[in-house]
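Shown next, in structure tokens, is the structure this report addresses.
There are 2 protein chains.
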Amino acid sequence: MTERALPYRPHNHDACVSHALADAREICRQHNARLTPIRERVLEFIWQSHKPLGAYDILAMLGAEGHNAAPPTVYRALDFLLQYGLVHRIASLNAFIGCAHAGEHHRGAFLICRQCGTVLELATPAVSKAVEDAAAAEAFLPEEVTLEVAGVCPRCLGDNSNA
Amino acid sequence: MTERALPYRPHNHDACVSHALADAREICRQHNARLTPIRERVLEFIWQSHKPLGAYDILAMLGAEGHNAAPPTVYRALDFLLQYGLVHRIASLNAFIGCAHAGEHHRGAFLICRQCGTVLELATPAVSKAVEDAAAAEAFLPEEVTLEVAGVCPRCLGDNSNA
DNA sequence: CTGCAAATGTTATAATGTTGCAAATTTTGC
DNA sequence: GCAAAATTTGCAACATTATAACATTTGCAG
């Protein structure tokens, strides 16, 4: 799984997408899971930007290219991608974003810019540790952590010409 | 704002509710905000257990006592209660829970039991600090933090007779 | 090629949340 | 007090997000 550029900085985004797709193919191969055309296309849509995409946005994008899909098609593809850790669901936005650390067995934390919509996924051992300690202090067994920080990204803080 | 018992342990829950209501009245008084009958009733419903309540659950409860309300009534009451920090929204459940630290200016973190549904709100300086540090490391300005941990609570871990 | 399992298509519907405007109520300025 | 203004509530319609149920197609193993 290759290292990628920060979404805030200008970067060759096509490379992001192709890395993500290559990683996804590899992960699915390892698990004997089928990255079918629909699933791959949905993943590609999600990776087209660093902004999360709603299920119905994806539905519309499929529709725009002639594939007249219904909601279950999209949700099933998303379920598959979630299952193999290829995308994350952002609960506070009801939207989905490509996983920047696919296959790495991590707890994602997300920095969500309210101005430009860009989401940065962090791998945060320190935060995870703090969360686990807090849970342990209550004798609580944590299974899934939802950690989403809404705020303003450095790019929008700096210049005011937000995308 | 008075200290309260842990939801996991048996406790006089009526006391929880009356404390919460008393605190709410005081907070509203301080802010010149009107805790109208509907708002107070909604808060009371939410505090009837330590399990989060959906907006439409509240709607049904209002209906059950003869108040034939429509969704906006409930959502407006919830918006009000959220605004003054009297309830929290659990994004991963689309549900609402009474704030255990009303008026304390905190970032809530929630331990959500998948078996019994009970939610414990933590005041977690260590976790908040870790989150803020992680955001700062990316030059990100955090404004709102959603931190929800799904898992199994100590009571459900211990005995298997979950409520 | 046949039969099974997985994936997709299709229709309908459930669950959650919002908009916009009218009516009622409360507050405020006089 | 009383009228104007602001806030709150009622109400109807609608928008968005997600799932259920069942039919059909596709991929694959034997």
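Here the protein sequences line up with chains A and B, keeping their order.
Reading the first sequence from the start, the letters are residues 159 to 321 in our numbering.
Reading the second sequence from the start, the letters are residues 159 to 321 in our numbering.
For glycine and all other residues, C-beta sits at the position ideal for the given N, C-alpha and C.
Q | From B/Val232, B/Gly224, B/Cys274 and B/Arg199, residue whose alpha carbon lies closest to that of B/Ala213 | A | On the second sequence, residue 213 of chain B is found 55 positions in, with the first residue counted as 1. Relative to the Cα of B/Ala213, the nearest Cα in the group B/Val232, B/Gly224, B/Cys274 and B/Arg199 belongs to B/Val232.
**Q.** Contacts that A/Pro312 makes with chain B (C-beta to C-beta distance below 9 Å)
**A.** Reading the first sequence from its first residue, position 154 is the one you call residue 312 of chain A. Per Cβ cutoff of 9 Å: Glu296, Ala297, Phe298 and Leu299.
Q. Are the Cβ atoms of A/Gly261 and A/Val245 separated by less than 8 Å?
A. Residue 261 of chain A sits at position 103 when you count from the first residue of the first sequence. Residue 245 of chain A sits at position 87 when you count from the first residue of the first sequence. Not a contact, by the Cβ cut-off of 8 Å.
Q) Between which two residues does the alpha helix (DSSP H) containing B/Phe268 stretch? A) Within the second sequence, residue 268 of chain B is the residue found at index 110, counting from 1. No alpha helix (DSSP H) holds B/Phe268; the beta strand (DSSP E) holding it covers Gly266 to Cys271.
Q) Looking at the C-beta of B/Ala292, does it have a partner C-beta in chain A at a distance below 8 Å? A) For the purposes of this step, residue 292 of chain B is taken as the residue at position 134 of the second sequence. At least one C-beta of chain A is nearer than 8 Å to the C-beta of B/Ala292.
**Q.** Simplified DSSP state of A/Thr276, which is helix, strand or coil
**A.** In the first sequence, residue 276 of chain A corresponds to position 118, counting from 1. Taken through DSSP and simplified to helix, strand or coil, A/Thr276 comes out as coil.
Q: In the DSSP assignment, find the beta strand (DSSP E) that holds B/Arg167 and state where it starts and stops.
A: Residue 167 of chain B sits at position 9 when you count from the first residue of the second sequence. B/Arg167 -> no beta strand (DSSP E), and no H or E assigned at all.
Q) Around the Cβ of A/Gly266, are there at least 16 other Cβ atoms within 10 angstroms (buried) or fewer (exposed)? A) Along the first sequence, read from residue 1 onward, the residue named residue 266 of chain A stands at position 108. Counting every other CB atom within 10 Å of its CB across the protein chains shown gives A/Gly266 a total of 16 or more, marking it as buried.
Q: Reducing DSSP to helix, strand and coil, say where B/Thr282 ends up.
A: Working through the second sequence from its first residue, we reach residue 282 of chain B at position 124. Correct three-state label for B/Thr282: coil.
Q.
Suppose the cutoff is 7 Å on Cβ atoms and the five residues either side in sequence are ignored; what does the same chain contact list for B/Lys209 look like?
A. Mapped onto the second sequence, residue 209 of chain B falls at position 51. Take B/Lys209, set aside five residues on each side of it, and the residues of its chain with a beta-carbon closer than 7 Å to its own are Gly275, Thr276 and Val277, in chain order.
Q. So is the beta-carbon of B/Val175 under 7 Å away from any non-hydrogen atom of the ligand ATP?
A. Absence of the ligand ATP is noted for the structure shown, with no ligands found whatsoever.
Q: Grab me the residues of B/Cys314's own chain with a C-beta within less than 7 Å of its C-beta, minus the 5 sequence neighbours each way, in chain order.
A: In the second sequence, residue 314 of chain B corresponds to position 156, counting from 1. Excluding its 5 nearest sequence neighbours in each direction, B/Cys314 has C-beta neighbours in its own chain below 7 Å: Cys271, Gln273, Cys274 and Asn320, listed in chain order.
Q: Check whether the Cβ atoms of A/Arg247 and A/Phe238 sit closer than 8 Å, and answer yes or no.
A: Position 89 of the first sequence holds residue 247 of chain A. Position 80 of the first sequence holds residue 238 of chain A. Between A/Arg247 and A/Phe238, the CB-CB gap reaches or exceeds 8 Å.
Q.
Measuring straight from C-alpha to C-alpha, what distance separates B/His264 and A/Val307?
A. For this step, residue 264 of chain B is matched to residue 106 along the second sequence. For this step, residue 307 of chain A is matched to residue 149 along the first sequence. Rounded to the nearest angstrom, the gap between the Cα atoms of B/His264 and A/Val307 is 15 Å.
Q) Applying a beta-carbon distance threshold of less than 7 Å, which residues of chain A neighbour B/Val303? A) Translated into positions along the second sequence, residue 303 of chain B becomes position 145. Within chain A, the residues near B/Val303 are Val307.
Q: In angstroms with no decimal places, state the Cα-to-Cα distance between B/Arg199 and B/Gln241.
A: Within the second sequence, residue 199 of chain B is the residue found at index 41, counting from 1. Within the second sequence, residue 241 of chain B is the residue found at index 83, counting from 1. If I take the Cα positions, the gap works out to 16 Å.
Q: Check whether the stretch 190–207 of chain B touches the stretch 216–227 of chain B, counting contact only when three or more Cβ pairs, one atom from each stretch, lie closer than 8 Å.
A: Contact between the stretch 190–207 of chain B and the stretch 216–227 of chain B is present: three or more C-beta pairs spanning the two stretches fall below 8 Å.
Q: Could you tell me whether any Cβ in chain A is nearer than 8 Å to the Cβ of B/Val200?
A: The residue given as residue 200 of chain B occupies position 42 in the second sequence. Contact with chain A is absent for B/Val200, since none of that chain's Cβ atoms lies less than 8 Å from the residue's Cβ.
**Q.** Minimum C-alpha distance to B/Asp181 - residue among B/His171, B/Ala258 and B/Ser250
**A.** In the second sequence, the residue the question calls residue 181 of chain B occupies position 23. Minimum Cα distance to B/Asp181 is reached at B/Ala258.
Q | Alpha-carbon spacing of B/Arg187 relative to B/Leu179, whole angstroms | A | The count along the second sequence starts at 1 and reaches residue 187 of chain B at position 29. The count along the second sequence starts at 1 and reaches residue 179 of chain B at position 21. Taking the straight line joining both Cα atoms gives about 12 Å.
Q) Who are the neighbours of B/Ala139 on chain A, taking C-beta pairs under 8 Å? A) Because residue 139 of chain B is not part of the residues shown, which for chain B are 159 to 321, the question remains open.
**Q.** Alpha-carbon to alpha-carbon, B/Leu251 and A/Ser250
**A.** If you number the first sequence from 1, residue 250 of chain A lands on position 92. If you number the second sequence from 1, residue 251 of chain B lands on position 93. Note on geometry: alpha-carbon atoms of A/Ser250 and B/Leu251 lie some 10 Å from one another.
Q: Specify the secondary structure class of A/Arg192 as computed by DSSP and reduced to three states.
A: Position 34 of the first sequence holds residue 192 of chain A. The three-state secondary structure of A/Arg192, taken from DSSP, is coil.
Q: Check the Cβ of B/Ser250 against every Cβ in chain A and list those closer than 7 Å, keeping chain order.
A: Taking the first residue of the second sequence as position 1, residue 250 of chain B is located at position 92. Within 7 Å Cβ-Cβ: Ala249 and Thr304.
Q | Interface flag, A/Val277 vs chain B, CB-CB below 8 Å | A | As a working note, residue 277 of chain A is residue 119 in the first sequence. Answer no: the Cβ-Cβ gap between A/Val277 and chain B never drops below 8 Å.
Q) Of all Cβ atoms in chain B, is any one closer than 8 Å to the Cβ of A/Thr282? A) Counting from one through the first sequence, the residue named residue 282 of chain A turns up at place 124. For A/Thr282, the answer is yes, since a Cβ of chain B falls inside 8 Å of its Cβ.
Q: Use the C-beta contact count for A/Gly316: other C-beta atoms within 10 angstroms, 16 or more gives buried, fewer gives exposed.
A: Taking the first sequence and counting its residues from 1, the one referred to as residue 316 of chain A is at position 158. Exposed: under 16 other Cβ atoms inside 10 Å.
Q | Straight-line Cα distance separating B/Ser286 from A/Ala281 | A | One-based indexing of the first sequence puts residue 281 of chain A at position 123. One-based indexing of the second sequence puts residue 286 of chain B at position 128. C-alpha separation (whole angstroms): 16 Å.
Q) Quick one: is A/Leu315 near chain B, going by C-beta distance under 8 Å? A) Along the first sequence, one-based indexing puts residue 315 of chain A at 157. Against chain B, the CB of A/Leu315 has a partner CB under 8 Å away; the residue lies at that interface.
Q: Go to A/Gly221, then tell me how far its alpha helix (DSSP H) extends in each direction, as first and last residue.
A: By 1-based counting over the first sequence, the position of residue 221 of chain A is 63. Here the alpha helix (DSSP H) through A/Gly221 covers Ala213 to Ala222.
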